[in-house]
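In the numbering used here, the protein residues as written are 356 to 1064. Don't be surprised by glycine CBs; every beta carbon is placed ideally from N, CA and C. Note that this is a predicted model, so its numbers are computed, not measured. Worksheet for the structure shown next.
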């Protein structure tokens, strides 16, 4: 008669898988209290068990390559999500033994997973938002983010970020990484445990165990406090490494920060690594239930990080602000660890797997009493002290505020087209004829340039638009006098710096034309209403600063030319001299501790131009005339070529000087234009004038209309 089997085939498969996966569980040794238990697998054992199950004859393999709502039957299922596959809604494994493998580099989002005994995250970044009650394995190329509830143990060979609840133990292997402010039953780390302002610190219901190969990566939160690992049982340090890093938003002061708060702390860290350049970090094990860190200013000079002369000047000015006074440790209130483990969404759906523990005692450290209030530390300087040498170099340059030193050069460059426009009006005059007694003219100006073009993104760029109008008249056969006025707007753009100028201009000019000899004179006064915006941002510190100021400019110029009538061409060699002056009132920024107070600034330049004007008129039909113009020249600037600004932090420190970008000693001038005389009284024209040197350039486009009367 046939033999009736005692067990169903899927039960036999389960027995085989368990035998293969757990044959040596009894051989596992506990390395520390709570680190391992006979009921736990190692990562290698879990990998072997899953491999055996995948290759078992009774295992049904199902590859998901599209969007599906998963609902399986009673078979043993190995479900693989890959190649663009996506699970929509709750995933139902059905009966039998079921494993869900996530194997797509794009990653994805998991909804609720039911009746799956194992979650195998093979690659990609995946997020669990609801509930999974089985065991989980995160492979080296994978990342799992848990914001929901996980009921089984988690083996981490890759990355695991937990801001939800894990009711089982978490094992982080040598190359794994754990982070997050969620709750776990127990935490065993041989890789990295990251505690920083973004991720927070975990709450461990039972025990925390760090092995010798483990590294606790630790930072300080933006408020100057600490993210503390809370442990309901024993925290075993295991000669691990404590690595203190510069954390975004770190405001380091001389105070204690609690790293671990436990029922009992066993052991010490073997070493403390820190990339903080100007702070010494010292662990404190004096309390048997806590491990804390003390940050204190070391003897490394901040000037060591300054890579520019402006940065060195700033560091020397803040020398008195670099010693942060120590403050007493703040009280550390540790809530019930058991209470932290219970989340509202899980308390009503599942009974806890672990009995509640007693409330950990709260620290009773009282704040120190002082007789006199101490001045508030400068958060910008504290943030600087909490950086490494690389970050500090850029931070010092930002805090130094060197852009103000270039305001004078940028302003004088932006108003250069005003004098050019007046010269253009004089150059087109004629003193003969019935229509030559007077004229009115209007010019539209567009100007742009860069100061320090070799600095690329750090160059100061300026752009100006404006309008200039004027009139002149003959007072004798050889002399004409004129006046001009205008309005312009300038925008300044630098590295983390923006500025604007609203300007009014008024000027006068004179022309003497005695045969081929021409003398052109002019003077312009400008009034400027300026504003600055500066963004200081490094290592999470951020200040957006604004300032308002008033400034004035003066320009005086004189040009002598001699017209050589050569054939159909008018060739005029010329010599020009000029003087420019810039004066700015003192002003201060608002917006944070990085704000600066700027003293009055004055800057002036003398220059000479040597060049050649070339014109060729063409007579058209009906009395019209077309006149192309071309000018080339060489400009030489005398004296100091850079601006200087004396300034200091609004909140304290000494006054220091920063130097601006040097202007070019010698520059090439090029001007090209085209004038069209449409009638004896009306002329329109368009021209471009450029000035370029080794490190700076400036270009202006000008359109003009004039009417003779």
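Quick one: Cα of residue i to Cα of residue j, how far?
i: residue 545; j: residue 477; result: 20 Å
i: residue 820; j: residue 844; result: 6 Å
i: residue 624; j: residue 642; result: 15 Å
i: residue 1089; j: residue 599; result: In this structure the chain extends from 356 to 1064, so residue 1089 is not present and cannot be described.
i: residue 399; j: residue 409; result: 15 Å
i: residue 471; j: residue 752; result: 57 Å
i: residue 448; j: residue 516; result: 25 Å
i: residue 488; j: residue 404; result: 18 Å
i: residue 966; j: residue 928; result: 6 Å
i: residue 1085; j: residue 562; result: The structure shown does not extend to residue 1085, since the chain spans only 356 to 1064, so no value can be given for it.
i: residue 541; j: residue 560; result: 6 Å
i: residue 742; j: residue 657; result: 11 Å
i: residue 446; j: residue 896; result: 44 Å
i: residue 532; j: residue 497; result: 11 Å
i: residue 1062; j: residue 856; result: 31 Å
i: residue 475; j: residue 761; result: 60 Å
i: residue 865; j: residue 910; result: 14 Å
i: residue 634; j: residue 853; result: 33 Å
i: residue 885; j: residue 535; result: 47 Å
i: residue 931; j: residue 912; result: 7 Å
i: residue 418; j: residue 458; result: 10 Å
i: residue 385; j: residue 433; result: Confidence at residue 385 is low in this model, with a pLDDT of 33, below 50, so the placement of that residue is unreliable and no value is reported for it.
i: residue 669; j: residue 1014; result: 12 Å
Short of 6 Å in beta carbon distance, which residues of its chain neighbour residue i, apart from the five on each side in sequence? Order them along the chain.
i: residue 1043; result: 1027, 1056
i: residue 1048; result: 1019, 1022
i: residue 1053; result: 768, 804, 1046
i: residue 525; result: 509, 539, 542
i: residue 840; result: 861
i: residue 937; result: 763, 766, 767, 908, 958
i: residue 874; result: 867, 915
i: residue 976; result: none
i: residue 756; result: 951
i: residue 1064; result: 793
Which term fits residue i, buried or exposed, when burial requires 16 or more other beta carbons within 10 angstroms of its beta carbon?
i: residue 993; result: exposed
i: residue 569; result: buried
i: residue 963; result: exposed
i: residue 522; result: buried
i: residue 1002; result: buried
i: residue 589; result: buried
i: residue 759; result: buried
i: residue 924; result: exposed
i: residue 675; result: exposed
i: residue 869; result: exposed
i: residue 665; result: buried
i: residue 882; result: exposed
i: residue 573; result: buried
i: residue 1068; result: This structure does not reach residue 1068, given that the chain is present from 356 up to 1064, and the question cannot be answered.
i: residue 585; result: buried
i: residue 815; result: buried
i: residue 831; result: exposed
i: residue 968; result: buried
i: residue 659; result: exposed
i: residue 984; result: buried
i: residue 349; result: Nothing in the structure corresponds to residue 349, since the chain is present only between 356 and 1064.
i: residue 426; result: exposed
Is the CB-CB distance between residue i and residue j below 7 Å?
i: residue 344; j: residue 508; result: The requested residue 344 does not occur in the structure, where the chain is confined to residues 356 to 1064.
i: residue 1093; j: residue 825; result: With the chain represented from 356 up to 1064, any question about residue 1093 goes unanswered, as that position is not in the structure.
i: residue 961; j: residue 939; result: no
i: residue 479; j: residue 495; result: no
i: residue 520; j: residue 500; result: no
i: residue 764; j: residue 998; result: yes
i: residue 943; j: residue 1005; result: yes
i: residue 1033; j: residue 950; result: no
i: residue 443; j: residue 424; result: yes
i: residue 473; j: residue 493; result: no
i: residue 638; j: residue 627; result: yes
Tell me which residues share the same chain as residue i and place their Cβ nearer than 7 Å to its Cβ, disregarding the 5 neighbours each side in the sequence.
i: residue 996; result: 1017, 1018, 1020
i: residue 644; result: 616, 617, 618, 619, 620
i: residue 464; result: 482, 484
i: residue 1085; result: Outside the shown range of the chain, which is 356 to 1064, sits residue 1085, and nothing can be said about it.
Please find out if some non-hydrogen atom of the ligand FAD comes closer than 6 Å to the beta-carbon of residue i.
i: residue 459; result: With respect to the ligand FAD, the structure shown offers nothing to examine, as it has no ligands at all.
With a threshold of 8 Å on Cβ separation, who are the neighbours of residue i within its own chain once the five nearest residues in sequence on each side are excluded?
i: residue 640; result: 620, 623, 646
| query | Could you give the uninterrupted runs of the beta strand (DSSP E) lying entirely in the stretch 821-862, keeping only those of 3 residues or more? | reply | 834-849
| Can you list, in chain order, the stretches of the beta strand (DSSP E) that have 3 or more residues and sit fully within the stretch 608-674? | 611-616, 619-621, 626-629, 634-639, 645-652
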